[in-house]
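Heads up: the protein sequence lines correspond to chains A and B, in order. At position 79 of the first sequence the residue is numbered 79 (this note's numbering), and the sequence of numbers has no breaks. Quick note, this note's numbering runs 1000 ahead of the 1-based positions in the second sequence. Every residue gets a Cβ at the ideal spot worked out from N, C-alpha and C, and that includes glycine. What follows is one structure encoded as structure tokens, with my remarks underneath.
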Amino acid sequence: MRVTFTANGKPVEADDVWEGESLLYVLRERVGLPGSKNACEQGECGSCTVYLDGTPVCSCLVAAGQVQGREVRTVEGLADENGLDPVQQAFIDAGAVQCGFCTPGLLVQTHDLLEREPQPSDTDIREALSGNLCRCTGYEKIMDAVRLASARQCQKAGASE
Amino acid sequence: MSTRTIAGQKNLQDIRTGSKDGIGGSPLRPDGTLKVKGEFAYSSDLWHEDMLWGMALRSPHPRANILSVDISEALKLPGVYAVLTHEDIPGSKFYGLEIQDQPALAIDKVRYHGEAIAIVAADHPETARRAVKKIKVEYEVLTPITTEEQCLNPEVYGYVHEPHEFKSHGHGNICHSQKLVHGGGVTDEIRALADVVVSGHYEVGMQDQAFLGPESGLAVPAEDGGMDLYVATQWLHVDRQQVAPVLGIPEEKLRLTLAGVGGAFGGREDLSMQIHACLLAQRTGKPVKIVYARDESFFGHVHRHPAKMYYEHGATRDGKLVYADARLVLDGGAYASASPAVVGNAASLGHGPYNIPNVRMEAIALYSNNPSCGAMRGFGAVQACFGYETQMDKLAAALGMDPVELRQLNAMSEGDSMPTGQVIDSPAPVAELLQRVKDMPLPPPLDLANLDVRTLPGALSNTSHGEGIVRGIGYSVGIKNVGFSEGFDDYSTARVRLEVIGGEPVAMVHTAMAEVGQGGITVHAQIARTELGVEQVTIHPANTEVGSAGSTSASRQTYMTGGAVKYAAEAVAQALIEKGRKRYGWTHNDLSLIGGKVVSESAGVLVSMVDLLGEDAIDLTREHHHRPTVPFDKETGQGFGHVQYTFCANRAVVDVDVELGLVKVVELTAAQDVGKALNPLSVIGQIQGGCTQALGLAVMEEIIVKDGKVRNASFTDYLIPTILDVPPIPVDMLELPDPNAPYGLRGVGEAPTVSATPSIVAAIRQATGIALNRIPVRPEHLTGTL
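So this is what it looks like as structure tokens:
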């Protein structure tokens, strides 16, 4: 089947998609967006998290046909022409990226958290990111990164008011 | 003093500080931006025009004879390009890290659940999956050999490898053993010297590395009849050494390039999909990519050895250890992998960082029909640490002493001997590390009045509002070796090139080191900046065009490859200075490279590196071999077997819901001597990550194997810690230089994984009063509902 949708603001179409293919597979293998990662493909690790119509989902659990006509935003769509998203920069600066395989999913999930709750408590952060496994960092530096991104975004928002 | 020299001195003051991104600084990862943008190419992201997908058929039985394999139906499926069995292997059919006992594809029998029998190449992963299902295998199912008793009685229960199959080692079902006797050993006379004796049986479950990036890679056949393999591994050269003979091609025709690695933790030391992808590419003449699904990953790599251990300690009434006795039985599973070296570590490190005048030890690894076990972070030292640290707490209780004081009383320090007779010839601040974790402020007590239930055991499940919650505190310390031991000629190679690009001096560092996330490439750039006085450093992709870097394991890469980069960079610096001497006739003996200039301590800046280099490049390669070690004596375990030791101490604070058996680690503190922190940000990240894997082993992580069958090969059932399970991990870093190591550094990555587990279990014991001799601790252990 042919699936057409919007990926990071651009219309895309994928041909010869088998009915059982996931959005993750279509993004990675057909659309040329391998940023979303394939760690468990069971919705347990969060590495493949993308926005689907503005809501974070595990793209491995979304059948390709379900995205027909919808909007997908992946980690590749977080940075814009002005550079990295503050969440991306904070993950680099805090040392929250080691092997980095979990990073794309964590970035999307963190991005969503800070959209909803610009100043989350530590417990809020832990709750929001509890579906994203990281095997390298011990999460401390991920906590640092989210706090840093929050502080920077709030500072920026304050300055622009 | 001439005016000119004074000006030069002033100039020197300005630049003497060197690069802030040199060693000791915390520059950011060179691959960080790519990784956050989703543009970093991990091995599973590789793509080649016209590429096929490979997949393996795996055995559902842990032990069976293969009566027949019928691939005809699979071959008929449209889109299938090849189906191969062991009969199609052009070269050697066996491989292995230390003992070549593992068939690349099963031959006439399977020895573990998940062993690969046949491989398929197809145009879509789903086609490959369907083809695999169409392969018909007729088995004669045999009773698996899975317990210590069965393994040690082969006459009754049989052999995992029949004696005629592997005559070269022929130990029956014992893959490797190591004994150790120190002082008077453990005899009735020695036992009689102790006032207090404690003993216990301990058990450690099978832990998995559970790296997130699945085993994957792309094999591309080359025109010269060779193969290019892009793969996530820990050691490119040892992969090549094992793969080339199976393909029947000379090593130089197999070229490996490191693809992006999504974590490793020992699980990529052994081959996984490398041979299979290459065989399929060789047969089809097309590029073949293999990406394991998560369940296949659990079958496709070796795990941490599960262990059964017996420990006995005797001490005087005032707490001085008199003797220690131990027997460690590690289940190595079907194939040897790294079991011999794991046994060597378990035996030599298995009595911990303590001075014990009389010691006996026996460690063995068994062959069984359980999943193969090999390298995982901590490598044999982890299991033992749970045993000896539990014993320390037990002994402290028996003596009525504080457990930290008991440990400190017996702690080894520089100048003391290991039970192997090896004198510790660099700092060993065991007592100090314990003191440091003890002295750190404790987290505030549970405040039931202002409670966020999300912080309690059970957390988001809202299982408690504070009732039934008890807090406990536990301590531990551990010891780990750094680098490869027991006479192995452990070395690494680095090539450093210095040239002018765009009007700037630029250094390029080329090694075969596997960057698996640990940050080696960051540190290599820091070393090059420090030694060459430049800011711009590029890292060449890791491949087999340069000499071996050895494995990214055993906490050795900064020590070994970092050392090689240092020596290569120093050689380049010397060559550049020589060039200047020849050109300008310098006679100074105090020249160095700082801030892109050749500088004399006495005469100031002499020339810019850009002017001196001109169009020329200096390109030199150096090897770093660590000082030699020797194999342990087989019967006594004596010998200078390890290069360096590293120590970490922990304090854990836990809350336990005693009604439901749920544990929440509230805080896990670490103090570690790192010798010299080349990159403090990365070092702390390593310590926190290591502590987290230890937490996993303490309270949740175990591959459940029943009758040889794996029951939980998924992230749904094999649980690794989430951000809700992991507490704040304050790290106190000590820097006592090791005079024998480059920059005085000490390997970092493994020590916290060795030491942290027992502190968590000790804290749970303190909270509940339950003995807890097995890890991971499960709710049923705490509620008595086992």
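How far does the beta strand (DSSP E) with residue 1648(B) in it extend, from its first residue to its last?
Numbered from 1 along the second sequence, position 648 holds the residue referred to as residue 1648(B). Counting along the chain, the beta strand (DSSP E) containing residue 1648(B) begins and ends at 1644-1657.
In the structure shown, what three-state DSSP assignment does residue 1002(B) receive?
As a first step, residue 1002(B) is located in the second sequence; it is residue number 2 there, counting from the start. Unreliable positioning characterises residue 1002(B) in this predicted model, as indicated by a pLDDT of 31, which lies under 50. The coordinate reading is nonetheless provided below. DSSP places residue 1002(B) in coil when its eight states are reduced to three.
What number of angstroms, rounded off, separates the C-alpha of residue 1244(B) from the C-alpha of residue 1128(B)?
Locating residue 1244(B) in the second sequence gives position 244, where the first residue counts as 1. Locating residue 1128(B) in the second sequence gives position 128, where the first residue counts as 1. Taking the straight line from one Cα to the other gives about 25 Å.
Kindly list, in the order they appear in chain A, the residues whose Cβ is closer than 7 Å to that of residue 1691(B).
Taking the second sequence and counting its residues from 1, the one referred to as residue 1691(B) is at position 691. Ordered by position in chain A, the residues that pass the 7 Å Cβ test against residue 1691(B) are 138.
Name the chain B residues that come within less than 9 Å of residue 6(A), Cβ to Cβ?
On the first sequence, position 6 is the one that residue 6(A) refers to. The contacting residues do not exist; residue 6(A) stays about 17 Å from chain B at best.
Can you pull the chain B neighbours of residue 164(A), defined as C-beta to C-beta under 8 Å?
Residue 164(A) cannot be examined here, being either before or after the span of chain A that is shown, 1 to 161.
Enumerate in chain order the residues of its own chain whose CB-to-CB distance from residue 1846(B) is below 6 Å, with the five nearest sequence positions on each side excluded.
It is not possible to answer for residue 1846(B), since the shown part of chain B is limited to 1001 through 1786.
Specify the secondary structure class of residue 1102(B) as computed by DSSP and reduced to three states.
As a working note, residue 1102(B) is residue 102 in the second sequence. It is a strand residue.
Whether residue 1179(B) touches residue 1637(B) by CB criterion (8 Å):
By 1-based counting over the second sequence, the position of residue 1179(B) is 179. By 1-based counting over the second sequence, the position of residue 1637(B) is 637. Contact: yes.
Residues of the stretch 1465-1492 of chain B in Cβ contact with chain A at a cutoff of 9 Å, in chain order, please.
none
Under the DSSP definition of a beta bridge, which residues are partnered with residue 1308(B)?
Within the second sequence, numbered from 1, the residue matching residue 1308(B) stands at position 308. DSSP output for residue 1308(B) lists 1203(B), 1329(B) as bridge partner(s).
Between residue 1669(B) and chain A, is there a C-beta pair that is closer than 8 Å?
Here residue 1669(B) refers to the residue found at position 669 of the second sequence. Output row for residue 1669(B): interface = no.
Report the CB separation of residue 1729(B) from residue 138(A) in whole angstroms; it is logged as a contact under 8 Å.
Numbered from its first residue, the second sequence carries residue 1729(B) at position 729. Numbered from its first residue, the first sequence carries residue 138(A) at position 138. 6 Å between Cβ atoms; contact.
Is it buried or exposed for residue 1222(B), if we count other Cβ within 10 angstroms and need 16 for buried?
Residue mapping note: residue 1222(B) aligns to position 222 of the second sequence, counting from 1. When all chains shown are included, residue 1222(B) counts as exposed.
Please confirm whether residue 1272(B) and residue 42(A) have their CB atoms less than 8 Å apart.
Along the second sequence, one-based indexing puts residue 1272(B) at 272. Along the first sequence, one-based indexing puts residue 42(A) at 42. No, these two residues do not count as a Cβ contact at 8 Å.
In the DSSP assignment, the beta strand (DSSP E) including residue 1672(B) goes from what residue to what residue?
Here the question's residue 1672(B) lines up with position 672 in the second sequence. Its beta strand (DSSP E) spans residues 1662-1673.
For residue 1207(B), would you say it is in contact with chain A, using Cβ-to-Cβ distances shorter than 8 Å as the test?
The residue given as residue 1207(B) occupies position 207 in the second sequence. No, because no Cβ of chain A sits closer than 8 Å to the Cβ of residue 1207(B).
Below 8 Å between beta carbons is the criterion; list the residues of the stretch 1033-1049 of chain B that meet it against any residue of chain D, in chain order.
Here the protein chains are A and B, and chain D is not one of them.
Counting only beta-carbon separations shorter than 8 Å, does residue 1655(B) have a partner in chain A?
For the purposes of this step, residue 1655(B) is identified with residue 655 of the second sequence, where counting begins at 1. Residue 1655(B) does not count as touching chain A.
Three-state class that DSSP yields for residue 1720(B) in the structure shown:
On the second sequence, residue 1720(B) is found 720 positions in, with the first residue counted as 1. Note: residue 1720(B) maps to coil in three-state DSSP.
What does residue 1210(B) touch in chain A if you count any residue whose Cβ is under 7 Å from its own?
Along the second sequence, one-based indexing puts residue 1210(B) at 210. What residue 1210(B) touches in chain A: 135.
Any Cβ of chain A within less than 8 Å of the Cβ of residue 1714(B)?
In the second sequence, the residue the question calls residue 1714(B) occupies position 714. Yes, its Cβ sits closer than 8 Å to a Cβ of chain A.
Measuring only between beta-carbons, confirm whether residue 1568(B) sits less than 8 Å from chain A.
By 1-based counting over the second sequence, the position of residue 1568(B) is 568. Output row for residue 1568(B): interface = no.
Given that a residue counts as buried once 16 or more other Cβ atoms are within 10 Å of its Cβ, and exposed if not, what is residue 1704(B)?
In the second sequence, the residue the question calls residue 1704(B) occupies position 704. That one is exposed.
Taking the alpha-carbon of residue 1071(B) as reference, which of 1768(B), 1132(B), 1356(B), 1194(B) has the nearest alpha-carbon?
Start at 1 with the first residue of the second sequence, and residue 1071(B) comes out as number 71. Minimum Cα distance to residue 1071(B) is reached at 1132(B).
Three-state secondary structure (DSSP) of residue 1577(B):
Indexing the second sequence from 1 puts residue 1577(B) at position 577. If DSSP states are grouped into helix, strand and coil, residue 1577(B) belongs with the helices.
Taking the CB atoms as reference points, tell me whether residue 1533(B) and residue 1594(B) lie closer together than 8 Å.
As a working mapping, residue 1533(B) is identified with position 533 in the second sequence. As a working mapping, residue 1594(B) is identified with position 594 in the second sequence. For residue 1533(B) and residue 1594(B), yes; Cβs fall inside 8 Å.
Quick one: grab the DSSP three-state call for residue 1394(B).
Walking along the second sequence from the start, residue 1394(B) turns up at place 394. Note: residue 1394(B) maps to helix in three-state DSSP.
Hey, residue 1520(B) and residue 1558(B) are a contact pair by Cβ (cut 8 Å); roughly how many whole angstroms apart?
Within the second sequence, the letter at position 520 stands for residue 1520(B). Within the second sequence, the letter at position 558 stands for residue 1558(B). Their Cβ separation, rounded to whole angstroms, is 7 Å, which keeps residue 1520(B) and residue 1558(B) in contact under 8 Å.
Residues of the stretch 38-49 of chain A with Cβ closer than 7 Å to any Cβ of chain B, in chain order
38, 39, 40, 41, 42, 44, 45, 47
Whose CA, out of 1746(B), 1688(B), 1685(B), 1635(B), lies closest to the CA of residue 1647(B)?
For the purposes of this step, residue 1647(B) is taken as the residue at position 647 of the second sequence. Residue 1647(B) has its Cα closest to that of 1746(B), out of 1746(B), 1688(B), 1685(B), 1635(B).
Have a look at the DSSP bridge pairing and note the partners of residue 5(A).
Stepping through the first sequence from its first residue, residue 5(A) is reached at position 5. BP columns for residue 5(A) point to 12(A).
Beta-carbon proximity check, residue 1196(B) vs residue 1323(B), cutoff 8 Å
Counting from one through the second sequence, the residue named residue 1196(B) turns up at place 196. Counting from one through the second sequence, the residue named residue 1323(B) turns up at place 323. Cβ atoms of residue 1196(B) and residue 1323(B): not closer than 8 Å.
Figure out for me which residue from 1190(B), 1760(B), 1556(B) has the closest Cα to the Cα of residue 1695(B).
Position 695 of the second sequence, counted from the start, is the residue given in the question as residue 1695(B). That would be 1760(B), whose Cα lies nearest to the Cα of residue 1695(B).
Test: residue 1753(B) CB closer than 8 Å to a CB of chain A:
The residue you call residue 1753(B) lines up with position 753 of the second sequence. No, its Cβ sits nowhere closer than 8 Å to a Cβ of chain A.
Apart from the five residues on each side of it in sequence, which residues of its chain come closer than 8 Å, Cβ to Cβ, to residue 1571(B)?
Translated into positions along the second sequence, residue 1571(B) becomes position 571. Answer for residue 1571(B): 1496, 1620, 1622, listed in chain order.
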